[in-house]
Each structure stands twice: as C-alpha cells, then as structure tokens.
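Asker: What follows is a single structure, and I will ask about it in a moment.
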Amino acid sequence: MLRKRSLVSICLGLVLLMGFSLNGFAQEKKWLLPPEKANVDWTAYKGTTLTIGLNKHPYTESLRPLISQFEELTGIEVAYVILPEEEFFEKLLIDLSSGAGLFDIYMTSPMFEWRYQYAGWVEDLFPYYNNPKLTDKEWYNREDFFPLVLRANEWDGTIGGGMGEGRWNGIPVMVEFYVQAYREDLRKKWGLTVPQDYPEWYDVVTKADEQGGPDFFGIVERGIRSWSTVHSGYYTGFNSWGQKELTKDLYASIDTPEAIEFTKIWIKALQDAGVPGWPTYTWYDGMESYAAGRIYMYNDCDFFAATYENPAKSTIAGKSGYALPPAGPDGRIVSNLWTWALGMSALSRHKEAAWLFLQWATSYHSMIDATVKHNNFNPTRKSIWEHPDVANMVKNWGAYPGEYVETVNLMLTKYGDIRWTPNPDVTAVGDIWADALHEAYARQKTVEQALKSSSKGINRIMRKWRIALGIEK
Amino acid sequence: MHKNKNNGHTEVSIFFPETVAKIRSCLIRAKRRIVTRKTIPYLLYFPAFIATVGILYPFGRSVVLSFYEYNPTYGPAYFIGVQNYIDLFQGVTSPSFWLSLRVTLIYAFANISIQLILGLGIALLLVRTFAGYRIVRAVVLFPFMIPPIIEAMMWKLMYEPVTGIINYIGSFLGIPRIGWLGDAAWALPSVIVIDVHNFTPFVAIILLAGLQSLPKRPFEAAQVDGASSWFILRNLTFPLLKPVLYVVLLFRFIESLIMFDMIYAATHGGPANATMSIHVNAYYHGMRWTMFGTSFAFLVILWAMVFSGSFFIIRAWRKSLEARMV
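Chains A and B, in that order, are what the protein sequence lines are. If you read the first sequence in the numbering used here, its first letter stands for residue 3, the second for the next number, and so on. If you read the second sequence in the numbering used here, its first letter stands for residue 5, the second for the next number, and so on.
Structural data, given as structure tokens:
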C-alpha cells in the first residue's frame, strides 16, 4: 500500500516538475515565437497607412521584402521612400523642420537623434514600450539587444554626456565598427604586414600602391564634404591618439599637436596611395571600388564584408582580412560606432500604429530573417549574432576562419563606442572639420593651418551651446 | 416638369425655363461688363498675380527671418537685427561668405561668357539651310532637355578619375590622370563645363530665333555693296541682335547666380570649398545645420545681386530696343 502511494506521489511530482519546466521553457523562449503568438493586438490599427523614410542601405534591402508580412499581420498599409544617404537626411530634415509630418517612422542614428531630440522632432519610445496594451515585453525581449547599441540610442539631453540615460530615441537595427579591410591574398604575395600602428599603416598602403600598378591604389577612404568623411576611419584613428573633437568646455580641439600629427599621416597616405578624386568619394564608392578589386585597404565599415564576400557583388570574395584598427602611440585601440535605428517622428499622426511596426520590425522574428535571408549585418540582437545560421554565414570571412567574428566581438565588448561628444550640432562640426581635410589634401594649407581654420568655424557653431550652458557670455 | 407642344414635337424641360433664361441673360451681361478691352489684360494677368503673391509670401517671410536668430534645434526664433548680415560681411561667417561670393561670380561670369560666344557661333551656323539642318537643330537641343541634376550625375561618372571616359580618352593623348571634380584646382572649371554643356543649346536656340527674325533688307543691301562677312557681323548682326542678346544674358545671368542642384550634385560645394557658391553655402547653413537665419541672410544677398544685375540688364535691353526702332 505504502509502496503504491509512494509511486503515485513520485509520479505526480514528476508530472508537476515537468509542467513547471515546460512552462519555464516556454516563457524563456517566448521571443522565438512568431508575432501571432505575442500578446499584442496587431489588428488594433487596421486600415491605417504608415509612411517610412529609408536610407539606401543594405538594411533597407533586408527590410523591404518583409514588409508585406507586417501588412498581412496587421492590416496596416506601409508606404516607404528610399533615398541615398545625404539626400535622405536632408529630406528628413525638411520634413521634420517644416512640420509636414510625411514620415511616421524613419531610419535614424544617434548623431541625428541628438539634434532631433533638442528640436522636439523625435518621439520617446519608452511610453509605448511600457504600455501593456501595445507591447508584449516578454515576446519583444529588449534585453536581447547588445547594451552598447541600446545605450547609443538613449540620451538625456546632456551636452557632452548623458548617453544611455533618459529618452529612448531609436531601436538599433544594425551596428557597424571600423576595421582594416585589406587584401589578404596580396598581403601574402607582396610580403606586407597587418599594420599595428599608423606609421606602419602608411608604409603598408604606400608599398601596396607601388606594387599594384597604375589602376590599383593602396587605400580608399570616404572623402565627400561631410561629417561622414570624418566619422569612420579618420575619427577612429584620431580617437586612438587620445583625441576628442571638443573640450569639456565645448571648444574645438581638433588642432592639438597629437591631432595634427595623426592627420598628417592620414592625409599623406591619401595623397601618396589614395584614389585620385578622393574628395568626391562616398562610403558607397569606396565599398564598390574595394569590391571591384582596385584597392588594397579600406578603413571603414566591418559589415561591408557582406558585400566583399558575396561573389555576386564582388570580384574579391574570399580574399579579404578584417583586422582591428591600428593602435595609437600608446597602444590604444578604439573604434567609432554607428548604428542605424528606426525612430518615430513626433509629428506622426499614427504613433500607436507606428509603434506596432517598430516592435514587429525589431523583434527577433523579423531581424533573424533580415540577417539570415537578406544579409543585414551586423545584427544588434545577441541571439541573432550567436545564431548557428548567422555563425555559419560569417565563419569563413577573414584572413582565417573566425577572424571576422573575433573582430566584431572585440568591438562589441571592448573597443567600440560612439566617440563623438554628444551635442545637437555634431554633424555641423563634422562638416566643417571635413573642410580641413580637403584643404590639407589639396595642399591649399598645411595640416596645422587647415585644422586651426576649421577650429574657428567649429567654435562659431558651438558658441550658442557654450552660452546656453553658462560657459561663455 | 413642363411640356411644350411645338409643331407636333413635344419638348420636355426639367427646370423652370424662365429661371434658366434669366440666369443665362445675367451671365451674358456680366461677361460683357467684365470682359472688356480694358479688363482683358488684367484678367489674363490674374493667374500670374496669384502665383506672384504665392511666391512673395515665403520670400517676405525669409527676409524677415534673416533678421532673427532662427535655429529650431536651439529654440524659438528671436530678433537680432542686422547681426546675421554683419556676421556675413565682417564677422564670424565672413570668410565663408566672401569665398562663396568669389566662387559665385567666377561661375556666373565664366558661364555667361562661354555660353554666349558658343551659342552665337552655333546659331550663326544653324541659321543657314543645309542638308538635314532641321535634324541638326533638333539634336543640338538634346543636352538642354536633361535636368541639371541628371546632367551633373552623368558628368560625374564621366569625370571619375579611374573609370571615367574623360581620363580614359586623355590617356591616349598622353594627358596625365586628373582628379576633375575631386581636384580643388579643376573642380570649378569642371562644373562650368557641365553647365555650358547643359545650357548652351538654350542660348543657341534663342539666338537662332533672333537671327531668323532680323530684317533681310539691310543684309541684302550690305551684300550688294560688297561688305565682308566680318563687317556684316559687327555692324549689322550684332546691333540688330542686341535685344535678343540681352534677353539671353538676363536668363543666363539669373540662372548662373542661383545655380544649386548642378553644383551640389557634382561636388557638394567641395573640394576644399572650391565650388561653394552662395546658394550651396546657404543650403549647408539651413538644410544641414538648421541655422536658418544665417541661411536666409545668404539668400537675401543673393537675391539682391540677382535683382540689381537684372535691373541694369533690362534697362540696357530697353535702350537697345529703342535704338533698333530708330
């Protein structure tokens, strides 16, 4: 009798244990479930039309095929406008500053959110995220995002600081860091090294330029008259020399002795080993030139590897290495960071519907498809970056198997961050700074003269913030 | 409903016929009063007047805002008087402004000179009749049909230093590779070439029309008297063509001063501000940096240049018309 009772109790206990375990398992993995399983009324705003502003970018190409799934799920119609990057930002600014409110959702990034937040154009996403009628937090799993990229898109409005605090301005959909993408096959052939510092970097690219012949160049970098020319490889190196573009009192500091020394190396490399017509090159031109096999090295986005390693888009698939940026004089390695994010316009007339789109588009379910099926790199969710399918896609990228993953992991955990000083006029600072690089490259001024000249322009731009903060009268 | 029996036919009118007739006669009387010889010019001008008012409002608002510190990123606009203009001429913005002024004037002067000379030459060639002249006249117009921004993008590909066709052809002629739009020394001439290519056909066609409208008798008389071609060109063609030349000059003067899309698409105002015209500079200040007050100050000065230059050209045009009638 006792034995029978014990057996029954044990069986009951096992059943209960299994039940709790399964429930826990289901709760742990809820974010893996399709949107239909989320506790969200997807059809609450059926019949609404949303307009999205998108930049011509690989992420856009990964989002577009998925939009019909959202429309089917929600009954919300989605229209979108795609423009090249420079034109996209200008169109977006016109829309926001005029109050037209064409876009409900737009691609954005921290540096632009700093301006939009001050002007009252970007919607804080926390109220929507915290609204249980609109969001299934368990399904959405915000904790799955890399903290670094979430932090980059949060700002409390403190000029010179405040990142990771306050408002949530955008949901990151991809993240990029700046690496040395170089031709590993040619490196071996010509006996070159992987540069560990910037003087070595200059030597390597000039040697490569000599070896490659008249239509091959040692280096390509972004060059148009824009903050984006400063942002990627140049600022990465600049900051590795311990430099920032603004002091704590918001005065320009791009003309310190160290900044001048680094800029001299950078400009000389472009003059001696760079593509002619460098001042007209966009990031896209640089990527295409490298993928066409005309360039030895491109210090720019790591995720361009998705193009370089694709035989349909590149003549050099399987031939590149992806090394960390060279170190500064004291061995410091850093990388600037950029995330494309989706934000909501404060002028939108369909904010709840827009939040449904944002929640859906940045969920695990949509973003795994965006990466695995449509090459959106680098993903901003840990679970996607660590997914076996994604690991399989990138395992052979680099000079040796796993190099790309190693480099990106180091960026995510150690070297990568937004290096700019948070302030609403950061892009204006960058535009004026790019003038200095152009003037020095064209030999109109020495590097020192050019940087000092641009410093005056930057100080003019920042004056109103110094006055606002009481630093200047 | 009303039925009329008239010669065996029945007319059925749904509306009251007396009312319809009254309305009709009112409309006819009103039309006769409104549309008269005196009022027709004003009526024809009315749509243009509406468009003018529609343009004047944003223009006026821009002029007013040029006296404000207007930066939506920073806060509400506030009045600062002429400070934006002082900054442009001698203050913190002045190096940028004087550089842009120099670029704008060089761009306009070069475009006008080259296009007038080339356009006149083409017009003088096309005024003759020869086999296929109609086709040639149509083909000459092709570049003008291309929007300036597309023209700039097309030429940007051709100017590309490594893969572009211009350097490729130059390599066969022993010309070293030039950076063109990416070379601070060559960028402005390169953009001028684009403008010349795009707008010379317009100049040629207008001048061709002008040449075709010139009276034939003075030319016949000069030929009978044995005058040389150069004499005819200098003493007959140019003086008689002056009014048309001034019209073309006016168009090209205005468009060259305000050109934006071609320059911005080609170079973004670079490299090293080599092509930073006033309009492009205003665009940077307004549409990239949200410094709208400064941007409007740039544009008001540009407008003043256009207005004052146009005033003198139109005055010269009127004098040339009077001289021609004499």
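A virtual CB, placed ideally from N, CA and C, is assigned to each residue, including glycine. Quantities reported herein were computed from a predicted structural model and do not represent experimental measurements.
Can you name the start and end residues of the alpha helix (DSSP H) that A:Ile-297 belongs to?
Answerer: Per DSSP, A:Ile-297 belongs to no alpha helix (DSSP H); it is in the beta strand (DSSP E), 297 to 303.
Asker: Look at the alpha carbon of A:Asp-304 and the alpha carbon of B:Trp-307, and state the distance between them as a whole number of angstroms.
Answerer: So the alpha carbons of these two residues sit roughly 46 Å apart.
Asker: To the nearest angstrom, report how far apart A:Asp-217 and A:Arg-189 are at their CA atoms.
Answerer: 18 Å
Asker: Have a look at A:His-367, A:Leu-75 and A:Gly-320 and flag the residue whose alpha-carbon is nearest the alpha-carbon of A:Asp-146.
Answerer: A:His-367
Asker: Give me the Cα-Cα distance between A:Met-369 and A:Glu-223, rounded to the nearest whole angstrom.
Answerer: Distance between the alpha carbons of A:Met-369 and A:Glu-223: 30 Å.
Asker: Do A:Pro-327 and A:Trp-337 count as a contact pair if the criterion is CB distance below 8 Å?
Answerer: Residue identity check: residue 337 of chain A is Ser in the sequence provided, not Trp. A distance below 8 Å separates the beta carbons of A:Ser-337 and A:Pro-327.
Asker: Is any beta-carbon of chain A found at less than 8 Å from that of B:Val-248?
Answerer: no
Asker: Secondary structure at A:Val-83, three-state DSSP: helix, strand or coil?
Answerer: Here A:Val-83 carries a strand assignment [DSSP, helix/strand/coil].
Asker: Taking its Cβ as the centre, do 16 or more other Cβ atoms sit within 10 Å of B:Phe-53, making it buried, or is it exposed?
Answerer: exposed
Asker: With A:Gly-109 as the anchor, note down where its beta strand (DSSP E) starts and where it stops.
Answerer: Sequence inspection shows Met at residue 109 of chain A; the Gly mentioned does not correspond to that position. First-last of the beta strand (DSSP E) with A:Met-109: 107 to 110.
Asker: So what does A:Ala-325 bridge to, in DSSP terms?
Answerer: Paired residues: A:Gln-182.
Asker: Using a Cβ cut-off of 8 Å, pull out every chain A residue sitting near B:Tyr-288, in sequence order please.
Answerer: Asp-433
Asker: Tell me the residue span of the beta strand (DSSP E) that contains A:Leu-56.
Answerer: 51 to 57
Asker: Going by beta carbon distance, what residues of the same chain come within less than 7 Å of B:Phe-148, once the five residues before and after it are set aside?
Answerer: Asn-202, Phe-203, Pro-205 and Phe-206
Asker: Quick one: list the residues of chain B neighbouring A:Ser-99, beta-carbon separation under 7 Å, in chain order.
Answerer: Pro-76 and Thr-294
Asker: Would you say A:Leu-95 faces chain B, with C-beta separation under 8 Å as the test?
Answerer: yes
Asker: Please return the same chain residues whose Cβ sits closer than 8 Å to the Cβ of A:Ile-469, not counting the five positions on each side in sequence.
Answerer: Answer for A:Ile-469: Lys-475, listed in chain order.
Asker: Apart from the five residues on each side of it in sequence, which residues of its chain come closer than 7 Å, Cβ to Cβ, to A:Thr-309?
Answerer: Met-289, Ala-293, Lys-315 and Ser-316
Asker: Which residues does DSSP pair with A:Tyr-286 in a beta bridge?
Answerer: Per DSSP, none; premise fails for A:Tyr-286.
Asker: Which same chain residues, not among the five before or five after A:Thr-249, have their C-beta less than 8 Å away from its C-beta?
Answerer: Excluding its 5 nearest sequence neighbours in each direction, A:Thr-249 has C-beta neighbours in its own chain below 8 Å: Ser-255, listed in chain order.
Asker: What residues in its chain sit with their C-beta under 6 Å from that of A:Phe-306, if we drop five residues either side in the sequence?
Answerer: Met-289
Asker: Per the DSSP calculation, A:Gly-276 is bridged to which residue(s)?
Answerer: Under DSSP, A:Gly-276 takes part in a beta bridge, and its partners are A:Ile-221.
Asker: Skipping 5 residues on each side, what residues in its chain have a beta carbon closer than 7 Å to that of A:Gly-330?
Answerer: Ser-242, Trp-243 and Gly-244
Asker: Let me know the secondary structure DSSP gives B:Asn-10 once reduced to three states.
Answerer: Because B:Asn-10 carries a pLDDT of 47, less than 50, the predicted location of this residue cannot be relied on, and the following value inherits that uncertainty. Looking at B:Asn-10 - three-state DSSP - the assignment turns out to be strand.
Asker: CA-CA distance, A:Ser-322 and A:Asn-312?
Answerer: 12 Å
Asker: Could you check if A:Ala-28 is buried or exposed, using at least 16 other CB atoms within 10 Å of its CB as the buried criterion?
Answerer: Confidence in A:Ala-28 is poor, its pLDDT being 46 and thus under 50, which makes the residue's placement unreliable; the coordinate value appears in the next sentence. Exposed: under 16 other Cβ atoms inside 10 Å.
Asker: Does DSSP classify A:Val-196 as helix, strand or coil?
Answerer: coil
Asker: For chain A, is any of its Cβ atoms less than 8 Å away from the one on B:Leu-185?
Answerer: yes
Asker: At least one CB of chain B closer than 8 Å to the CB of A:Asp-437: is that the case?
Answerer: yes
Asker: Quick check on A:Phe-264: does DSSP put it in helix, strand or coil?
Answerer: DSSP places A:Phe-264 in helix when its eight states are reduced to three.
Asker: What is the DSSP secondary structure of A:Trp-123, reduced to helix, strand or coil?
Answerer: coil
Asker: Which residue from A:Arg-383, A:Trp-33, A:Lys-397 and A:Asp-419 puts its Cα closest to that of A:Thr-137?
Answerer: A:Trp-33
Asker: With a 10 Å radius around its C-beta and 16 neighbouring C-beta atoms as the bar for buried, classify B:Trp-102 as buried or exposed.
Answerer: exposed
Asker: If you measure between the beta carbons of A:Ile-78 and A:Leu-344, is that distance less than 8 Å?
Answerer: Result no, Cβ atoms of A:Ile-78 and A:Leu-344 do not sit closer than 8 Å.
Asker: As a quick exercise: from A:His-59, A:Pro-390, A:Ile-460 and A:Trp-116, pick the residue whose alpha carbon is nearest that of A:Ile-420.
Answerer: A:Trp-116
Asker: Could you spell out the range, first to last residue, of the beta strand (DSSP E) harbouring A:Ala-510?
Answerer: The first residue shown for chain A is 3 and the last is 475, placing residue 510 of chain A beyond what the model contains.
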